[in-house]
Structure formats: C-alpha cells, structure tokens
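Residue numbers (this note's numbering), protein chains in the order written: chain G, 173 to 274; chain P, 134 to 595.
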C-alpha cells in the first residue's frame with residue numbers, strides 16, 4: 173500500500189497527463205464521418221511513429237563502443253522513420269483523392 | 134533537458150492534437166495531416182540537435198543515415214503502392230513502430246542497472262518490449278492475411294483458453310523479473326519471444342473481414358507502447374502523442390465494430406460459427422435467375438434512377454475505374470446515378486470512399502447508408518458489385534442469423550436488383566443471402582472488372 177502511494181506521489185504529473193490525454197483523444201475522434209476512418213487511422217498510425225524520438229535518444233546516449241546498442245538503436249531509428257514518413261505520406265496520398273472535382 | 138527542447142516538444146504536442154482534430158473533417162483533413170507531420174519533424178530535429186550531451190560525430194552520422202534510409206524506403210512504398218493495398222500498408226508501418234519500441238526496451242534493459250532499479254522502471258521497460266513485440270508480429274500477420282500470403286485460420290479447440298493462458302504466463306514471468314529485480318538476458322529474450330508468439334496467436338484466428346478492426350487495435354497498442362517509452366525518458370511528446378493515438382485508436386476500433394454490429398470481444402474471440410449451415414438451406418430459398426451483360430445494360434439504360442452498391446469484390450478486382458466509367462456513361466444518358474456506401478464496405482470503414490475518390494468519382498455522389506436507404510424505393514435498378522453480407526435482408530428478418538441486427542443497405546426495396554458476383558459462394562459471415570433468390574434479383578456472374586467492362590461496352594453501343 174505504501175509503495176502504491178509512493179508511486180502515485182512520484183508520478184502525479186504523468187498520471188494527470190495520461191488521464192487528460194485519454195480524454196482529449198476520445199473527444200477529438202468522437203464524431204468522425206465513416207468516410208474519414210481510413211485516413212484517420214492512417215494518420216494516427218503515423219503519429220504512433222513518435223516512438224522514433226526514443227530511438228534517437230537511445231543512439232544519442234549510447235557509447236560508441238557499445239555495438240549492440242548502436243545496431244539495435246540504428247534499426248529502431250530506421251523502423252521509426254519508416255512508420256513516420258510512410259504513414260504521413262500515405263495519409264496525404266489518400267486525402268489528395270478527396271479533392272472535389274471542379 | 135533544455136528548456137528550448139521542452140518548448141519544441143510542447144509545440145509538437147499541440148500540432149498532434151490540432152492535426153488529429155483537423156483530420157476528422159473532410160475540408161481540413163489534408164492540412165491536419167501536414168500540421169501533424171510538421172510537428173513530428175520538429176520533434177525529431179529538436180531531439181537530435183537540441184541537447185547538452187557530448188555526442189561523437191559517428192553517432193550523428195549513423196542517425197542521419199538511418200533517417201535517410203527510412204525516409205527513402207518509407208516514401209517510396211507510400212507513393213508506389215496501389216490504393217487497394219492501403220489497409221495492409223498501414224498495418225505494415227504500424228508493425229515497424231512496434232518493433233522500434235521493443236528494440237528501445239531491449240537496449241534500455243541492457244543500460245539500466247536492473248538489480249537496483251525501481252519496480253516502475255523495470256516494469257516500464259518490460260511492457261515496452263512485450264507490447265512492442267506483440268504489435269510487431271501481430272501487424273505482420275495482419276499484413277500477410279490481407280495480401281493473401283497468410284491464409285490459414287487455425288481453430289484448435291479451446292484456442293482462446295490457450296491464448297489467454299499464454300498471455301497470463303508472459304505477464305507472470307514479467308512480474309517475476311520486476312519483483313525480484315532479476316538482471317537476466319535469458320528471461321528478457323524469453324519475454325521478447327513470448328510477445329512475438331502471442332502477437333501471432335492473437336491475430337491468426339481472426340477472419341479476413343475483421344482485419345481492419347484488428348489493425349486499428351494494434352495501431353492503438355503501438356501508441357501505448359510509444360507512451361510507455363515516453364514514461365521511461367520522461368519525454369512529454371512521446372507520452373502525449375502515444376496516449377492520443379492509443380485512446381483515439383480504441384474509439385476508432387469501437388466505431389468500426391459498431392458499424393458491423395459486433396462487439397470487440399466477438400471480433401477477437403470469434404463468434405461466426407454458422408459456416409456449417411450453408412449447405413442445405415439454399416433449397417428452401419427457391420431458385421436464382423442469372424442474366425447477361427447486355428440485358429443488364431438495357432435495363433440500366435432505360436432506368437431513371439440507378440444506385441450502385443460497391444463492395445469488397447469491387448476492391449479486390451480493382452474495378453473502381455471501370456465503375457466510374459459506367460457511372461459517367463449512365464449520367465450522360467440522363468440516368469440519375471448514386472453510390473450507396475455501407476460503413477464497412479471494402480476492407481476498412483471509409484476504404485470504399487478512398488477507392489472511388491481515386492478514380493475521380495464526385496464526392497457528393499457517394500451517399501452514406503442512413504441517407505440512401507429511404508431512396509431505394511425510388512430506384513429502378515440497383516447494381517450490387519461484389520457486396521454480400523451488407524445487403525443481406527436476413528439482418529432484418531431472421532433473428533437466428535448471425536448477422537441479425539447489423540445495419541444493412543435496403544436494396545430489396547428497389548424495383549430491380551442486379552447482383553454481380555463471381556460465384557454463389559457465401560460472404561464473410563458464411564451465410565446464405567436470400568436477396569439472391571428474390572424474384573426481383575438477377576445474378577450477373579463474373580469478375581467485377583471484366584463484367585463491368587462488358588457492361589460499359591454494351592452501353593456504348595446503345
């Protein structure tokens with residue numbers, strides 16, 4: 173019990189952010205026309221590529237002689253960029269098609 | 134962390150929220166996507182350059198090369214791929230994000246002093262690895278299933294129980310490592326492999342039409358994995374970005390389930406068990422009537438209102454351009470043509486809209502289910518192309534049917550119905566469709582693209 177209280181008091185800020193973010197996420201998605209579900213999912217997918225920031229941090233903090241960390245970090249950055257660039261590019265391409273014909 | 138970087142992250146976070154919000158409206162969607170992408174770029178550049186660490190040039194070079202390689206490959210795939218392959222592409226990219234999170238977790242497990250670390254740090258690292266691994270292998274299976282390279286839908290008895298025991302075992306092992314502060318590479322890799330295997334077990338038994346729901350769910354899981362990694366680095370942009378994707382993904386998943394009148398649990402654990410009853414039932418439904426392209430063309434030529442119902446079969450046959458040609462021909466002849474779009478037509482909600490938009494179909498010709506249903510009464514001809522379960526009247530009038538209660542397009546109210554299908558094979562739900570036996574229905578058998586091309590040729594000759 174004491175550990176739980178300690179955990180909560182140490183991470184209060186994070187807990188607040190998580191809860192508020194959950195509500196923001198739910199509210200902005202709530203009333204989306206079905207037409208946009210696929211592009212939205214694709215856009216959200218691109219956003220989940222934010223994990224790349226962590227991959228870059230791994231590389232910045234790693235010791236140049238720690239080859240295992242470097243290789244894993246390198247692969248993590250490549251995969252993260254694939255997720256980000258591919259995700260946004262595909263979403264953009266999908267949305268290009270929604271332009272109304274003149 | 135420098136205050137400048139914190140401000141950059143703050144700006145990026147705001148662009149994510151604004152971007153997602155704008156993605157929800159047809160007029161602003163494009164700018165929303167660009168805003169979010171800009172914010173992401175800002176966060177990446179800031180992370181690389183704004184810090185007070187002493188970083189050797191080699192590392193910068195490696196990061197630069199990694200970003201270049203990823204951008205080129207990702208950009209090329211995104212530009213080259215066909216629009217019908219969109220869902221599996223989203224799944225593939227999503228899997229990469231998951232893998233990235235798992236790799237970060239592995240490196241951090243090596244870096245951290247596990248023996249002395251607090252339980253929250255160790256559990257954060259382990260959850261990033263496990264969730265990342267599950268989304269990676271699960272997304273790859275989903276990708277394989279959608280492009281047809283993974284076909285099996287294995288169903289061993291008590292499959293769900295085995296699956297659930299498996300995930301419980303993984304969590305228990307993880308808890309053991311956390312509580313005991315055990316710094317063991319073997320257990321780490323055991324957890325990683327466990328996550329990978331669970332991802333496969335989780336997605337493998339799920340049927341084709343439910344794939345979009347699964348992809349959406351996995352997408353949401355990747356967001357959670359990113360958020361967990363954010364906690365590890367106390368990094369706000371990862372935390373908020375990840376949670377946003379996580380919660381938005383869950384809402385989207387539920388919306389997709391609702392459109393199919395299914396619960397998330399029934400998608401994951403499977404509830405369509407009616408496949409055994411397909412044989413025999415058709416005897417009581419009477420006989421079907423088949424028609425030819427020229428007869429169908431004549432019928433549509435002299436109609437004043439035609440509604441086209443595109444479905445999965447149209448997407449598979451890549452017939453979105455031909456159908457647009459057909460619709461233009463009919464419009465030129467003075468026929469009033471509309472498309473009826475079921476929320477889950479195609480392979481994903483909204484997928485049909487993207488496909489038809491690709492072939493330049495006008496946005497206002499696509500009518501959503503609730504708006505088009507009252508108009509079927511006035512339709513002279515309804516042309517159903519490769520759709521089945523979404524037009525099955527059993528959803529209205531057969532309480533014993535597994536799709537009973539699912540919202541459908543009321544095509545049976547039209548004066549004439551032409552159904553283009555490759556064969557009499559049942560749709561995804563594995564049930565008969567009495568619509569095909571309706572006296573107003575004529576079946577036009579053949580591949581969607583070939584048949585529609587014939588129709589266009591016939592119409593041109595009239």
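Where a beta carbon is used, it is the ideal one built from N, C-alpha and C, also for glycine.
Counted within 10 angstroms of its Cβ, other Cβ atoms place residue 463 of chain P as buried (16 or more) or exposed: Classification for residue 463 of chain P: buried.
Residue 317 of chain P, buried or exposed, once every other Cβ within 10 Å from all chains shown has been counted against 16: The residue in question, residue 317 of chain P, is exposed, as its Cβ has fewer than 16 Cβ neighbours within 10 Å.
Residue of P:157, P:138, P:156 minimising C-alpha distance to residue 186 of chain P: Taking only the C-alpha atoms, the option nearest residue 186 of chain P is P:138.
Residue-level contact to chain G via CB, residue 486 of chain P, 7 Å cutoff: Yes, residue 486 of chain P lies at the interface with chain G (some Cβ there is under 7 Å from its Cβ).
Bridge partners - residue 423 of chain P, DSSP secondary structure assignment: Bridge partners of residue 423 of chain P: P:576.
Chain-ordered residues of the stretch 197-218 of chain G with a beta carbon less than 8 Å from chain P: Sequence-ordered contacts of the stretch 197-218 of chain G with chain P read 197, 198, 200, 201, 202, 203, 204, 205, 206, 207, 208, 209, 210, 211, 212, 213, 214, 215, 216, 217, 218 [C-beta pairs closer than 8 Å].
Proximity below 7 Å, CB of residue 254 of chain G to CB of residue 203 of chain P: Yes; because the gap between Cβ atoms is below 7 Å, this pair is in contact.
Residue span of the alpha helix (DSSP H) that contains residue 326 of chain P, given as start and end: Where residue 326 of chain P is concerned, the enclosing alpha helix (DSSP H) stretches over 318-336.
Interfacial residues, the stretch 252-273 of chain G to chain P, with Cβ spacing under 7 Å: Those would be 252, 253, 254, 255, 256, 257, 258, 259, 260, 261, 262, 263, 264, 265, 266, 267, 269, 270, 272, 273, in chain order.
DSSP bridge partner residues for residue 441 of chain P (one or two, in chain order): Beta-bridge pairing links residue 441 of chain P to P:472, P:516.
With 16 other Cβ atoms within 10 Å as the buried cut-off, status of residue 343 of chain P: Classification of residue 343 of chain P: buried, given that the 10 Å Cβ count is 16 or more.
Neighbourhood of residue 350 of chain P by C-beta, 6 Å cutoff - its chain only, sequence neighbours within 5 removed: Excluding positions up to five away in sequence, the list reads 386.
Beta-carbon contacts of residue 516 of chain P that lie in its chain and below 6 Å, excluding the five residues immediately before and after: The residues are 441, 551.
Cross-chain neighbours of residue 181 of chain G in chain P, by beta carbon under 7 Å: For residue 181 of chain G, no chain P residue has a C-beta closer than 7 Å to its own C-beta; the minimum C-beta separation is roughly 12 Å.
Beta carbon proximity, residue 377 of chain P to chain G, threshold 7 Å: Cβ-Cβ to chain G under 7 Å: yes for residue 377 of chain P.
Which residues DSSP lists as bridging residue 506 of chain P, in chain order: In the DSSP output, where bridge partners are listed per residue, residue 506 of chain P has none listed.
Beta-carbon spacing of residue 328 of chain P, residue 356 of chain P below 7 Å: Not closer than 7 Å, so no.
Closer than 7 Å to chain P by CB, residue 176 of chain G: For residue 176 of chain G, the nearest beta carbon of chain P is not closer than 7 Å to its own beta carbon.
Residues from the stretch 229-244 of chain P in contact with chain G, defined by Cβ distance under 8 Å: The residues in question are 229, 230, 232, 233, 234, 236, 237, 239, 240, 241, 243, 244.
Within 7 Å, strictly: CB atoms of residue 205 of chain G and residue 266 of chain G: The answer is no: Cβ separation not under 7 Å.
Cβ of residue 366 of chain P within 7 Å of any chain G Cβ: Contact of residue 366 of chain P with chain G is assigned, a C-beta pair being separated by under 7 Å.
Proximal residues of chain G, C-beta to C-beta of residue 471 of chain P below 8 Å: Ordered by position in chain G, no residue passes the 8 Å Cβ test against residue 471 of chain P, which lies about 15 Å from the chain.
Residue nearest to residue 556 of chain P in terms of C-alpha spacing, selected from P:546, P:540, P:565, P:578: Closest option to residue 556 of chain P, Cα to Cα, is P:578.
Alpha-carbon spacing of residue 182 of chain P relative to residue 338 of chain P, whole angstroms: In this model, residue 182 of chain P and residue 338 of chain P are separated by some 45 Å (Cα to Cα).
Interfacial residues, the stretch 234-252 of chain G to chain P, with Cβ spacing under 9 Å: From the stretch 234-252 of chain G, only 234, 236, 238, 240, 241, 242, 244, 245, 246, 247, 248, 249, 250, 251, 252 have a Cβ closer than 9 Å to chain P.
Contact list for the stretch 173-191 of chain P against chain G, Cβ threshold 8 Å: Within the stretch 173-191 of chain P, the qualifying residues are 173, 176, 177, 180, 181, 184, 186, 188, 189, 191.
Beta-bridge pairing of residue 554 of chain P - partner residues as DSSP gives them: According to DSSP, residue 554 of chain P bridges with P:578.
Under the three-state DSSP convention, the category residue 549 of chain P falls into: In the structure shown, residue 549 of chain P sits in a strand (DSSP, three-state: E or B).
Residue 176 of chain G versus P:444, P:191, P:197, P:251, residue with shortest Cα-Cα distance: Out of P:444, P:191, P:197, P:251, P:251 has the C-alpha closest to the C-alpha of residue 176 of chain G.
Cβ pair residue 433 of chain P, residue 472 of chain P closer than 7 Å: The beta carbons of residue 433 of chain P and residue 472 of chain P sit no closer together than 7 Å.
CB-CB length for residue 502 of chain P against residue 526 of chain P, believed under 8 Å: About 15 Å separates the two Cβ atoms, so there is no contact after all.
Opposing strand residues paired with residue 499 of chain P [DSSP bridges]: DSSP output for residue 499 of chain P lists P:472 as bridge partner(s).
For residue 201 of chain P, the nearest candidate out of G:252, G:240, G:235, G:203 (CA to CA): Considering only alpha carbons, the answer is G:252.
C-alpha distance - residue 151 of chain P paired with residue 169 of chain P, whole-angstrom precision: Between residue 151 of chain P and residue 169 of chain P, the C-alpha separation is close to 8 Å.
Per-residue burial, residue 192 of chain P [other beta carbons within 10 Å of its own, 16 or more giving buried]: Buried, by the Cβ-count rule.
For residue 238 of chain G, three-class secondary structure by DSSP: In this structure, residue 238 of chain G counts as coil in the three-state DSSP scheme.
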